[in-house]
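Engineer: In our numbering, the protein residues as written are 4 to 146.
The C-beta atom is built at its ideal place from N, Cα and C for all residues, glycine as well.
Predicted model only: the values in this text are computed from it and were never measured.
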Ligand code: DQA
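#1: Are there any heavy atoms of the ligand DQA lying less than 7 Å away from the beta-carbon of residue 38, as far as the coordinates show?
#2: Among the candidates 51, 62, 143, whose CA atom is the shortest distance from the CA of residue 90?
#3: Just to confirm the assignment, what range does the alpha helix (DSSP H) spanning residue 88 have?
#4: My output table needs one value for residue 21: the three-state DSSP class, helix, strand or coil.
#5: Would you say the beta carbon of residue 26 is closer than 7 Å to some non-hydrogen atom of the ligand ATP?
#6: Kindly list the residues whose CB is nearer than 8 Å to the CB of residue 47, restricted to its own chain and excluding five residues on each side of it in sequence; keep chain order.
#7: Between residue 102 and the ligand DQA, is the CB less than 7 Å from at least one heavy atom?
#8: Are residue 72 and residue 97 touching if we call contact CB-CB under 8 Å?
#9: Using the three-state DSSP reduction, which class does residue 10 fall into: helix, strand or coil?
#10: Report the residue from 83, 144, 138, 104 whose alpha carbon sits nearest the alpha carbon of residue 22.
#11: Taking only the alpha-carbon atoms, compute the straight-line gap between residue 95 and residue 16 and give it to the nearest angstrom.
#12: Classify residue 102: buried if its beta carbon has 16 or more other beta carbons within 10 angstroms, exposed otherwise.
#13: Are residue 122 and residue 100 touching if we call contact CB-CB under 8 Å?
#14: Contact check, residue 56 vs residue 87 under 8 Å by CB: the rounded distance?
#15: Give me the residue from 82, 139, 115 with the minimum Cα distance to residue 39.
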């Protein structure tokens with residue numbers, strides 16, 4: 004199974020960015036955890052982090068035939084990027100939207116995600132880096 008792991012803006016600073024909210028693990032640590040978790044499932048992973056909306060959209064388009072599932076932490080784009088929502092809707096692959104923090108316990112502008120309501124999208128939030136591992140297991144079990 005092929006899974007694309009996308010991370011959006013500011014997630015390159017994990018580990019040093021607001022560690023009381025997002026934890027002390029870096030994105031490289033999380034990617035390594037995912038690689039190890041994927042091995043027994045025979046899952047092939049591709050990773051991309053970008054601070055740019057268009058780069059994330061391009062990656063979804065470019066990998067749409069290769070990927071069978073998508074793990075995506077869109078960062079703040081979750082709250083307002085209809086262009087990313089449209090990209091995810093266009094490819095109709097199962098996606099797990101991951102947020103390290105629990106959006107409902109934070110500022111009101113974070114309570115809404117533009118991806119929710121799409122039939123191919125499920126949400127995992129508030130479980131820190133473990134949320135990415137749960138997403139991988141959910142996708143691997145589903146296909
Ligand atoms: C986040 C939550 C977003 O609201 C925020 O903009 C982020 C990180 C999370 O993983 O908890 O950048 O997606």
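Structural biologist: Short version:
#1: No, Cβ of residue 38 sits at least 7 Å from all heavy atoms of the ligand DQA.
#2: Just measuring C-alpha positions, the residue of 51, 62, 143 sitting nearest residue 90 is 62.
#3: Counting along the chain, the alpha helix (DSSP H) containing residue 88 begins and ends at 85-94.
#4: If DSSP states are grouped into helix, strand and coil, residue 21 belongs with coil.
#5: Summarising the ligand content, the structure contains the ligand DQA and does not contain the ligand ATP.
#6: The answer, listed in chain order, is 4, 5, 6, 41.
#7: Residue 102 Cβ: within cutoff of the ligand DQA.
#8: Taking 8 Å as the cut-off, the Cβ atoms of residue 72 and residue 97 count as close.
#9: Residue state, collapsed to three classes: strand.
#10: Nearest to residue 22 by alpha-carbon distance, out of 83, 144, 138, 104, is 104.
#11: Roughly 30 Å separates the two Cα atoms.
#12: Buried.
#13: When the beta-carbon positions are compared, residue 122 and residue 100 stay at least 8 Å from each other.
#14: Sure, about 6 Å apart at Cβ, within 8 Å.
#15: With distances taken between CA atoms, residue 39 lies nearest to 139 out of 82, 139, 115.
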